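Asks: Structure incoming, see below.
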Amino acid sequence: MIFKRLSASAARFNLRQSMQKLREITNNDEILINDTYLNSDKEKFMRQIIIDFRSLMDNWEIDENNYPSKKIIRDFNEYLLSGNYGSNFSYFIAYIVSKLPDKDLINFNMLLNFYSSNLKFNDYAKEWTTLSNFVKDIIHNIKKVKEDEFISKKYRNTFININSDTWLKEKSRNDKSPKEENSYASTEIFELTPELNTKIENIWDKVRDIPIDYLENQNMEGLMGFYNWYLMDFLTYHYPSKELQLILVKSLQLYKIEPSQYFKYNNTEKIFKLIKEHSEENEKKLISFEIFNKVCDILISLSNMYFKLSENKKDDWMLYKDAEINYKKLKELNKMRQEQLMNDR
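Just so you know, the sequence shown maps onto residues 1 to 345 in our numbering.
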């Protein structure tokens, strides 16, 4: 953890230094790069910025709201909004962003999400216009990037559609901020985008931290209780399917689990709270379904582990194998329910 923080700090520092060096030798109206021209006098400095920028992406830090860290936001405020760097630098950064692999473009888009959610047009019209031009430059360059194993056309198109809708629509002083508009969004989302996948993974990382003591103390009963209680509460309150509830009850019986005995491991409300705090209203249902699938995967792995440990105990061996099959069935039926909801929209 300490090494990771040091690496992130070094990446931010190196990029700031490289940007300052190039700024010191560049005139305000001097072109750095465009569709057909690369400033050969500045090329070595520009290449260093590209290297440092990619290092920053490798050490991209995210806060609890799925936004970049405050230090990353501070640096890009300087590069894009302070007025200390001209539009030639903004265009150069847009060019670098357009060349990022999908996984890094997803992370960089968190910065754009932060700005769109926190800068009201009515209060920050100048900054909004600057960022709108920046996004326009990214999209201009991104359309010329060729696909490879790290760069997909599908995500490029998703990025363009989302950010065009956010940044390139004509705005007026009476427009609501995107954050205010989103609060009224009523259309349920049932399509997984790379961005939403990243959000789900971040929530899942936080979910797995909750029972960390059980894992460190090798308390398998605690782990089984924690994850099974989530399935039970989800199926009871969010997805009243008798068929799935029956499968879960059978799984618990295979482990000789009595709900009253395992109630001490019920931390389900913490999971529901994490989903609520880190998702938009119209994303919650899909995210809940995906967390359900991941919990099933964990329980499948635990059942498989019990299965391997009980090779010499034939009765237990069969019980754990049956439990593994049940959790796979739960996941399968849950996915079918997701697809049904998508088709019913």
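Idealized CB from N, CA, C, for every residue including glycine.
Quick caveat: nothing in here was measured; it's all calculated off a predicted structure.
Assign L168 to one of three DSSP states: helix, strand, or coil.
Replies: The sequence position of residue 168 within the sequence shown is 168, counting from 1. If DSSP states are grouped into helix, strand and coil, L168 belongs with coil.
Asks: Which of helix, strand or coil does DSSP assign to S9?
Replies: The residue you call residue 9 lines up with position 9 of the sequence shown. Of the three classes helix, strand and coil, the one that applies to S9 here is helix, per DSSP.
Asks: Does the region 151-158 come close enough to the region 93-106 to have 3 or more Cβ pairs within less than 8 angstroms?
Replies: Pairwise C-beta distances place the region 151-158 in contact with the region 93-106, as three or more of them are shorter than 8 angstroms.
Asks: Check whether the region 264-278 and the region 286-303 are in contact - that is, three or more C-beta pairs closer than 8 angstroms.
Replies: For the pair of segments examined, the region 264-278 was found to touch the region 286-303: the number of CB pairs separated by less than 8 angstroms reaches three.
Asks: For S164, count neighbouring Cβ atoms within 10 angstroms of its own Cβ and tell me buried if that reaches 16, exposed if not.
Replies: The count along the sequence shown starts at 1 and reaches residue 164 at position 164. Per the 10 Å Cβ criterion, exposed.
Asks: Starting from Y115, trace the alpha helix (DSSP H) in both directions and tell me its first and last residue.
Replies: For the purposes of this step, residue 115 is identified with residue 115 of the sequence shown, where counting begins at 1. Note, Y115: alpha helix (DSSP H), D102 to N118.
Asks: Which class does I151 belong to by DSSP, given the choice of helix, strand or coil?
Replies: Working through the sequence shown from its first residue, we reach residue 151 at position 151. If DSSP states are grouped into helix, strand and coil, I151 belongs with coil.
Asks: Using the rule of at least 16 other Cβ atoms within 10 Å of the residue's Cβ for burial, across every protein chain shown, is F150 buried or exposed?
Replies: Residue mapping note: residue 150 aligns to position 150 of the sequence shown, counting from 1. So F150 ends up on the exposed side.
Asks: Hey, how far is the Cα of I300 from the Cα of K335?
Replies: As a working mapping, residue 300 is identified with position 300 in the sequence shown. As a working mapping, residue 335 is identified with position 335 in the sequence shown. Going from the Cα of I300 to the Cα of K335 covers about 16 angstroms.
Asks: Contact check, I33 vs Y91 under 8 angstroms by CB: the rounded distance?
Replies: In the sequence shown, counting from the first residue as 1, residue 33 sits at position 33. In the sequence shown, counting from the first residue as 1, residue 91 sits at position 91. Their Cβ separation, rounded to whole angstroms, is 7 angstroms, which keeps I33 and Y91 in contact under 8 angstroms.
Asks: Rounded to the nearest angstrom, what separates F89 and F3 at their Cα positions?
Replies: To locate residue 89, count along the sequence shown from 1; it is residue 89. To locate residue 3, count along the sequence shown from 1; it is residue 3. When rounded, the distance between both Cα atoms is 31 angstroms.
Asks: Just the Cα atoms here: how many angstroms apart are K144 and W167?
Replies: In the sequence shown, the residue the question calls residue 144 occupies position 144. In the sequence shown, the residue the question calls residue 167 occupies position 167. The straight-line gap separating the alpha-carbon atoms of K144 and W167 is approximately 20 angstroms.
Asks: Once you ignore the five residues that flank S132 on each side, which residues in its own chain have a CB closer than 6 angstroms to its CB?
Replies: Locating residue 132 in the sequence shown gives position 132, where the first residue counts as 1. So the qualifying residues of the chain are W167.
Asks: Helix or strand or just coil, what does DSSP make of P68?
Replies: As a working note, residue 68 is residue 68 in the sequence shown. Three-state result, P68: strand.
Asks: Look at the alpha carbon of N107 and the alpha carbon of E24, and state the distance between them as a whole number of angstroms.
Replies: Within the sequence shown, numbered from 1, the residue matching residue 107 stands at position 107. Within the sequence shown, numbered from 1, the residue matching residue 24 stands at position 24. Cα-Cα distance, rounded: 29 angstroms.
Asks: In three-state terms, what does DSSP make of I2?
Replies: Against the sequence shown, residue 2 aligns to sequence position 2. Correct three-state label for I2: helix.
Asks: Compute the distance between the beta-carbons of R12 and L56, then report whether it is under 8 angstroms.
Replies: Locating residue 12 in the sequence shown gives position 12, counting from the first residue. Locating residue 56 in the sequence shown gives position 56, counting from the first residue. Cβ distance < 8 angstroms, so R12 and L56 count as in contact.
Asks: Which of helix, strand or coil does DSSP assign to L192?
Replies: Along the sequence shown, one-based indexing puts residue 192 at 192. Three-state DSSP puts L192 in coil, outside helix and strand.
Asks: Alpha carbon to alpha carbon, how far is L223 from L196?
Replies: Residue mapping note: residue 223 aligns to position 223 of the sequence shown, counting from 1. Residue mapping note: residue 196 aligns to position 196 of the sequence shown, counting from 1. Going from the Cα of L223 to the Cα of L196 covers about 27 angstroms.
Asks: Can you look up L15 in the DSSP assignment and give me helix, strand or coil?
Replies: Start at 1 with the first residue of the sequence shown, and residue 15 comes out as number 15. Residue state, collapsed to three classes: helix.
Asks: Is the beta carbon of R65 less than 8 angstroms from the beta carbon of A8?
Replies: Taking the sequence shown and counting its residues from 1, one reaches residue 65 at position 65. Taking the sequence shown and counting its residues from 1, one reaches residue 8 at position 8. Residue 65 is actually Asn in this sequence, not Arg. Contact check for N65 against A8 fails: the beta carbons are separated by 8 angstroms or more.
Asks: Are V135 and L119 close, meaning C-beta to C-beta below 8 angstroms?
Replies: Sequence index remark: in the sequence shown, residue 135 carries index 135 (1-based). Sequence index remark: in the sequence shown, residue 119 carries index 119 (1-based). The Cβ-Cβ distance between V135 and L119 does not fall below 8 angstroms.
Asks: Taking the alpha carbon of L330 as the reference point, which residue from K321, D297 and L302 has its own alpha carbon closest?
Replies: Position 330 of the sequence shown, counted from the first residue, corresponds to residue 330. The candidate whose alpha carbon is nearest that of L330 is D297.
Asks: Three-state secondary structure (DSSP) at I31?
Replies: As a first step, residue 31 is located in the sequence shown; it is residue number 31 there, counting from the start. DSSP places I31 in coil when its eight states are reduced to three.
Asks: Is the CB-CB distance between I31 and A94 below 8 angstroms?
Replies: Here residue 31 refers to the residue found at position 31 when the sequence shown is read from its first residue. Here residue 94 refers to the residue found at position 94 when the sequence shown is read from its first residue. Taking 8 angstroms as the Cβ cut-off, I31 and A94 do not qualify as a contacting pair.
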